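Peer 1: Okay, handing you the structure first.
Number of protein chains: 2
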Amino acid sequence: MTHDYVSDIAPRCHDMSPEDFRLHGKLLLEWIANYLEDPRQYPVLARCQPGELQRLLPAAGPEKGESMEAILDDFEELILPRLTLWNHPHFHAYFSISSSAPGILAELLIAALDVNAMLWKSSPAATELEQITVSWVLEWLGLPSAWFGMIVDSASNAVLQAVVAARQRAEPECRAAGSSGRLVAYVSEHTHSSVEKAAIAAGIGQRNVRPIAADAGFRMKPEALAQAIRADLVNNMKPFFAVATVGTTSSTAVDPVAAIADLCREHGLWLHVDGAYGGSFAILPECRHWLDGVEGADSFVVNPHKMMMVPLDCSLFYTAHPALLRSAFSLEAEYLKTDAAGAIDFMDYGLALGRRFRALKLWFVLRFFGRDGLAAILRENLRMAAWLGERIAADARFELAAPATMGLVCFRLRQGEDATRELMRSINASGRFFVSHTVLDSRFTIRAAMGNIRTEQRDVEQLWVAITEALDPPE
Amino acid sequence: MTHDYVSDIAPRCHDMSPEDFRLHGKLLLEWIANYLEDPRQYPVLARCQPGELQRLLPAAGPEKGESMEAILDDFEELILPRLTLWNHPHFHAYFSISSSAPGILAELLIAALDVNAMLWKSSPAATELEQITVSWVLEWLGLPSAWFGMIVDSASNAVLQAVVAARQRAEPECRAAGSSGRLVAYVSEHTHSSVEKAAIAAGIGQRNVRPIAADAGFRMKPEALAQAIRADLVNNMKPFFAVATVGTTSSTAVDPVAAIADLCREHGLWLHVDGAYGGSFAILPECRHWLDGVEGADSFVVNPHKMMMVPLDCSLFYTAHPALLRSAFSLEAEYLKTDAAGAIDFMDYGLALGRRFRALKLWFVLRFFGRDGLAAILRENLRMAAWLGERIAADARFELAAPATMGLVCFRLRQGEDATRELMRSINASGRFFVSHTVLDSRFTIRAAMGNIRTEQRDVEQLWVAITEALDPPE
């Protein structure tokens, strides 16, 4: 970055002066504005070796304070070239995400205010803005109006909260006595790994998480779920929890939520619907059917930091049973007691006590784009994924590994596993594009996800050129 | 905020233009610079009723996108007056914290980059900067050089990770089979409530968390711990986990870490040292003794978002047993496999998959202040707390409820419980200062914490005036 001034480099025990804050802030804003104007000027995928940055930076922290100039220069020269850039129109790996400008500006304000939204008393507006924004999203997605919602850091944490609340319902004595070892949870073979991780952390046990078979479209088979529940009941186990996914990570498959909800109700299981990725599409009337049956769920998660243009991290956790959630998590430490009757203290509904003012960025983004704007962005992503899917389907060398219904295209070469692996390596080698992989039908599969707000039709066309050229390099 | 331009308010499906980003960014920077120049222009404590903001904002989200002007105006007119301002020199409740300017600027960059540091491959520089910054802090605090460190969101999450790793060591079969119901954890009656919450979430059971008696200085009694462990062993229970705190929430007491570590080693317990608040003071050579014995711990947490001037959230979790931690948490989902040999994938060491690029703000702050600068800030906080403690000790109407050794002053009126409660209500009533409370020796106690980077001697003097005037209003 270009600096036209010099700060002191003496040891300092006061914060930066307001003048320096303005100066450095403007430089950073300018750098970010330039970045956002065209991130394509940077490779999306870092090309470096493990340990490279560690060797370049000092092994010990500085004794004396350093200048912001030195810090920002090192950021640009040492850090940036070794970052894989998630907020980039050519990032198609995992799920592609976006940090939009209103969200970025909100984060600046969140950091400056440094509010901890643990209690209403410690943060009245942060608590209430969280209630308001989660209810806006609830309405946009057509979720039951009576549901309770809150913001957590990640879908991983959300599902842990769901598991703990579900256990509280199934074995109320568990809060005092611990897990019984008899509880069983059900996932599909395509459910996100965070559910298994939550079950391990909660002491349910990995062995007690049953992977249920999926059909040819990678959707959980309700009849297989029914069979597994019956088998566990015969064996004196206690089925208590199931997950249905709307937009699986591997292929964006949509589990039959309504049928699974029926089974869960019949057997008293807590149904958690994982819409971390796919849930946002329910903003679109033409896609709302993906959430059909969600009203039968006990909890639900959707990540605005995935498809709602909100910077990491912002994950919304909803439940039909806030009293249960509270009875699982609340503790009355004397130093946290307040007298705000009628107010919600979000710390009582989850694991974390320290909670950033995430509602502010969600509010900025929802208001800046509005429902119409977010809908238009989602539609464009669906359109681009469909466009790429059509190209691939029409080329005899490729096969689609799954229908490109959401913003993800899963494909492989007919030539076989090794060729597909080599193709992915080759697409990623230049650093211009970043795609990732999965395994579907036991075969290695490339995943190209759409979801960055700056991805345009020309980018997808370039990606398609890059894919075909990787296969058949120009002379 | 003052706006001298107008944006469109049409529905929008693209991000803000770079020009608008610059404009709005500059307005926000200017607002924040003014705020930081003197936060005292705002009351620290919001004076509003539960539900007030909810009634002022629309019940449904906007269909069309709105202007940044409208959003920023609403922030200033509706949100700000109802926020309790944590980043304020008169915030003395809970633990006082600081969001320093270099940390705020780093958050702007973190938000713009939107990097997810889940895997080395997804974020090489973010992963390695995390390794580097946690090792800098490790050295500054004099922690064992072989320890592994990582950044998590909160000490609540850190202790959950510690519980899960400890359980993995005590009952390796638990990962597959779930908790046994025989494990017992030990805390003091002053240990933070997050430990109990973690034990509940992990399925250990609240009943299996033994509160160990403390001495007159609110420190865990090792002999009481030894006795409790022996009693549990006789009853065929399995002691597996203990917490020693360096700087308890109620009174900043320091448990006898070395003696507790000896007992833990003897009986095979995992010792977690909670230095979330107090750990940072070990940067000061004259305070390093508070961590004496920490080398005998199995895990340790310190929160740079408390006393190291880093914006929320940034909590450092260290452990002597990274392989155990990994064996407790790692899962090999196909879509997350990479080929980066020799690299660390932090997602394998904890619950969250989505991980913000928090190392960047830690790096900015550590470099900007340097060890000397942070040490000077900590010393000034200790000095101001001691100054207030002396005033209170010298006034016959008051009594110190605990020695003011760290940055916290605990006091009450000799006149009794009701008078002390009324005094706290009265101090907080104007909104100019914010203190909180706890219970020590079964008596209601006011807590006044020092820790904001902008708190100066004049502020503490004004606080002392406010305390005495609340007691004895001027004519």
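The listed protein sequences derive, respectively, from chains V and P.
The working numbering numbers the first residue of the first sequence as 163 and each following residue consecutively.
The working numbering numbers the first residue of the second sequence as 163 and each following residue consecutively.
Don't be surprised by glycine CBs; every beta carbon is placed ideally from N, CA and C.
Note that the coordinates shown come from a computational prediction; the quantities given were computed from them, not determined experimentally.
Alpha carbons only, please: which of P:A420, P:T411, P:R541 is nearest the one belonging to P384 of chain P?
Peer 2: Counted from its first residue, the second sequence places residue 384 of chain P at position 222. Cα-wise, what sits closest to P384 of chain P is P:A420.
Peer 1: Mapping DSSP to helix, strand and coil, what is E301 of chain V?
Peer 2: Within the first sequence, the letter at position 139 stands for residue 301 of chain V. In this structure, E301 of chain V counts as helix in the three-state DSSP scheme.
Peer 1: By a C-beta neighbour count over all protein chains shown, 10 Å radius and 16 as the cutoff for buried, is S592 of chain P buried or exposed?
Peer 2: Taking the second sequence and counting its residues from 1, one reaches residue 592 of chain P at position 430. It counts as exposed.
Peer 1: Classify N398 of chain V as buried or exposed, calling it buried when 16 or more other Cβ atoms lie within 10 Å of its own Cβ.
Peer 2: Residue mapping note: residue 398 of chain V aligns to position 236 of the first sequence, counting from 1. It is exposed - the Cβ of N398 of chain V has fewer than 16 other Cβ atoms within 10 Å.
Peer 1: P251 of chain P and R209 of chain P look like a contact to me (Cβ under 8 Å); what is the Cβ gap, rounded to whole Å?
Peer 2: Within the second sequence, the letter at position 89 stands for residue 251 of chain P. Within the second sequence, the letter at position 47 stands for residue 209 of chain P. With a Cβ gap of about 18 Å, P251 of chain P and R209 of chain P do not count as contacting.
Peer 1: Between the beta-carbon of Y480 of chain P and the beta-carbon of L300 of chain P, is there less than 9 Å?
Peer 2: Here residue 480 of chain P refers to the residue found at position 318 when the second sequence is read from its first residue. Here residue 300 of chain P refers to the residue found at position 138 when the second sequence is read from its first residue. Yes.
Peer 1: Just curious, the alpha helix (DSSP H) that T630 of chain P is in, first and last residue?
Peer 2: Numbered from its first residue, the second sequence carries residue 630 of chain P at position 468. Per DSSP, T630 of chain P belongs to the alpha helix (DSSP H) from 619–633.
Peer 1: Could you tell me whether the Cβ of C426 of chain V comes closer than 9 Å to any Cβ of chain P?
Peer 2: Mapped onto the first sequence, residue 426 of chain V falls at position 264. C426 of chain V does not count as touching chain P.
Peer 1: Beta-carbon separation of A404 of chain V and L433 of chain V under 9 Å?
Peer 2: Here residue 404 of chain V is taken as the residue at index 242 of the first sequence, counted from 1. Here residue 433 of chain V is taken as the residue at index 271 of the first sequence, counted from 1. Yes, the pair counts as a contact, with Cβ atoms nearer than the cut-off.
Peer 1: For L425 of chain P, which residues from the same chain have a beta carbon less than 8 Å from its beta carbon, with the 5 sequence-adjacent residues on both sides left out?
Peer 2: Position 263 of the second sequence, counted from the start, is the residue given in the question as residue 425 of chain P. Result list for L425 of chain P: P384, L387, A388, I391, A404, L431, in chain order.
Peer 1: Under DSSP, the alpha helix (DSSP H) around C449 of chain P begins and ends at which residues?
Peer 2: Along the second sequence, one-based indexing puts residue 449 of chain P at 287. In this chain, C449 of chain P is not harboured by any alpha helix (DSSP H), its DSSP state being neither H nor E.
Peer 1: So what's H165 of chain V in DSSP terms, helix, strand or just coil?
Peer 2: The residue labelled residue 165 of chain V in the question sits at position 3 within the first sequence. Model confidence at H165 of chain V stands at a pLDDT of 46, short of 50, so the residue's coordinates are unreliable; what they give is reported in the following sentence. Coil.
Peer 1: Residues of the region 566–598 of chain V with a CB closer than 7 Å to any CB of chain P: list them in chain order, please.
Peer 2: Hits within the stretch, in order: S598.
Peer 1: Report buried or exposed for S604 of chain V, applying the criterion of at least 16 other Cβ atoms within 10 angstroms of its Cβ.
Peer 2: On the first sequence, residue 604 of chain V is found 442 positions in, with the first residue counted as 1. It is exposed - the Cβ of S604 of chain V has fewer than 16 other Cβ atoms within 10 Å.
Peer 1: Is the region 182–191 of chain P close to the region 581–589 of chain V, with three or more CB pairs under 8 Å?
Peer 2: no
Peer 1: Please return the same chain residues whose Cβ sits closer than 7 Å to the Cβ of F257 of chain P, not counting the five positions on each side in sequence.
Peer 2: Position 95 of the second sequence, counted from the first residue, corresponds to residue 257 of chain P. Cβ neighbours of F257 of chain P beyond the five flanking positions: Y439, K468, A611, G613.
Peer 1: Could you tell me whether the Cβ of M230 of chain V comes closer than 9 Å to any Cβ of chain P?
Peer 2: What you label residue 230 of chain V is simply residue 68 of the first sequence in a count that begins at 1. So yes, M230 of chain V belongs to the interface.
Peer 1: Let's test the definition: count the other Cβ atoms within 10 Å of the Cβ of D501 of chain P and tell me whether it reaches 16, buried, or not, exposed.
Peer 2: The residue you call residue 501 of chain P lines up with position 339 of the second sequence. Classification for D501 of chain P: exposed.
Peer 1: Along chain P, which residues have their Cβ under 7 Å away from the Cβ of D276 of chain V?
Peer 2: Translated into positions along the first sequence, residue 276 of chain V becomes position 114. Correct list: W248, N249, I259, S261, P473, L474.
Peer 1: Is DSSP giving F257 of chain V helix, strand or coil here?
Peer 2: Translated into the one-based positions of the first sequence, residue 257 of chain V becomes position 95. Coil, per DSSP.
Peer 1: Determine which residues of the region 506–518 of chain P have a Cβ less than 7 Å from any Cβ of chain V, and write them out in chain order.
Peer 2: Cβ contacts with chain V come from L513, A514, L515, G516, R518.
Peer 1: Measure from the alpha carbon of V527 of chain P to the alpha carbon of each residue in V:Q211, V:E228, V:L303, then state which is nearest.
Peer 2: Residue mapping note: residue 527 of chain P aligns to position 365 of the second sequence, counting from 1. Per the Cα distances, V:E228.
Peer 1: Can you grab the Cα-Cα spacing for the pair C572 of chain V / I554 of chain V, in whole Å?
Peer 2: Translated into positions along the first sequence, residue 572 of chain V becomes position 410. Translated into positions along the first sequence, residue 554 of chain V becomes position 392. The straight-line gap from Cα to Cα measures roughly 10 Å.
Peer 1: Apart from the five residues just before and just after I589 of chain V, which ones in its own chain have a Cβ nearer than 7 Å to its Cβ?
Peer 2: By 1-based counting over the first sequence, the position of residue 589 of chain V is 427. Closer than 7 Å at Cβ, skipping near neighbours: F595, V597, A628, I629, A632.
Peer 1: Using a Cβ-Cβ distance under 9 Å, would K400 of chain V count as near chain P?
Peer 2: Within the first sequence, numbered from 1, the residue matching residue 400 of chain V stands at position 238. No, K400 of chain V does not count as interfacial toward chain P.
Peer 1: Closest by CA to A503 of chain P, which one among P:L245, P:D417, P:K283?
Peer 2: Looking up residue 503 of chain P in the second sequence gives position 341. Nearest to A503 of chain P by C-alpha distance, out of P:L245, P:D417, P:K283, is P:K283.
Peer 1: Just to make sure I have the definition right: I need the residues of chain V whose C-beta is within less than 9 Å of the C-beta of L433 of chain P. Which are they?
Peer 2: As a first step, residue 433 of chain P is located in the second sequence; it is residue number 271 there, counting from the start. Simply none; closest approach about 20 Å.
Peer 1: Starting from H599 of chain P, trace the alpha helix (DSSP H) in both directions and tell me its first and last residue.
Peer 2: If you number the second sequence from 1, residue 599 of chain P lands on position 437. Looking at the DSSP string, H599 of chain P is not in any alpha helix (DSSP H); the run it does join, the beta strand (DSSP E), is 598–602.
Peer 1: Anything in chain P within Cβ reach of F443 of chain V, meaning under 9 Å, just list it in chain order.
Peer 2: Translated into positions along the first sequence, residue 443 of chain V becomes position 281. Residues of chain P with a Cβ closer than 9 Å to the Cβ of F443 of chain V do not exist, since the nearest Cβ in that chain sits about 15 Å away.
Peer 1: Using only the alpha-carbon positions, how far apart do D534 of chain V and S461 of chain P sit?
Peer 2: Residue 534 of chain V sits at position 372 when you count from the first residue of the first sequence. Residue 461 of chain P sits at position 299 when you count from the first residue of the second sequence. Approximately 49 Å between the Cα atoms of the pair.
Peer 1: Would you call the CB atoms of S316 of chain P and D507 of chain P closer than 9 Å?
Peer 2: Locating residue 316 of chain P in the second sequence gives position 154, where the first residue counts as 1. Locating residue 507 of chain P in the second sequence gives position 345, where the first residue counts as 1. Not in contact: S316 of chain P and D507 of chain P (Cβ atoms no closer than 9 Å).
Peer 1: Measure the CB-CB distance between L322 of chain P and L513 of chain V and report whether it falls below 9 Å.
Peer 2: Counted from its first residue, the second sequence places residue 322 of chain P at position 160. Counted from its first residue, the first sequence places residue 513 of chain V at position 351. Contact: yes.
Peer 1: Go through its chain and collect everything with a Cβ distance to V277 of chain V's Cβ below 6 Å, but skip five positions before and after it.
Peer 2: As a working note, residue 277 of chain V is residue 115 in the first sequence. Counting only Cβ-Cβ distances below 6 Å, and skipping sequence neighbours, we find S285, A288, F519.
Peer 1: Does Q577 of chain P pass the burial test, meaning 16 or more other C-beta atoms within 10 Å, or should it be called exposed?
Peer 2: Taking the first residue of the second sequence as position 1, residue 577 of chain P is located at position 415. So Q577 of chain P ends up on the exposed side.
Peer 1: Using the Cβ count rule (16 or more neighbours within 10 Å means buried), how would you classify H451 of chain P?
Peer 2: Looking up residue 451 of chain P in the second sequence gives position 289. When all chains shown are included, H451 of chain P counts as exposed.
Peer 1: Using a beta-carbon distance below 9 Å, is F380 of chain V in contact with chain P?
Peer 2: Sequence index remark: in the first sequence, residue 380 of chain V carries index 218 (1-based). F380 of chain V does not count as touching chain P.
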